[in-house]
Amino acid sequence: MRTFTAVVEKDHETALYVGYVPGFPGAHSQGETLDELQVNLREVIEMLLEDENLIFNAEFVGTQQIVLA
Numbered sequence: 007m008r009t010f011t012a013v014v015e016k017d018h019e020t021a022l023y024v025g026y027v028p029g030f031p032g033a034h035s036q037g038e039t040l041d042e043l044q045v046n047l048r049e050v051i052e053m054l055l056e057d058e059n060l061i062f063n064a065e066f067v068g069t070q071q072i073v074l075a
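Positions 7 to 75 (my numbering) are the ones given, in order, by the sequence shown.
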């Protein structure tokens, strides 16, 4: 079992949730709900993992909050 972390944003123009996996080329999708986005991302990731020549160009480390006064 492998676990991937996706960054999720909501596009206010389309009202769609948009997600991508940092450092995973091509691992991005969208959905009308968070559940739909998760299903779509899972399908994309499974498809991309079938490529034997897949190269990860970065590793997800985490997030940081930047506070401005």
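The beta carbon of each residue, even a glycine, is placed where N, CA and C say it ideally should be.
Reduced DSSP secondary structure (H/G/I, E/B, other) of residue 44: Helix, per DSSP.
Whole angstroms is fine: what's the gap from residue 33's alpha carbon to residue 75's? Residue 33 and residue 75: Cα-Cα distance of roughly 35 Å.
Straight-line CA distance for residue 38 to residue 45? 11 Å
Residues that residue 18 bridges to, as DSSP identifies them: None, per the DSSP bridge assignment.
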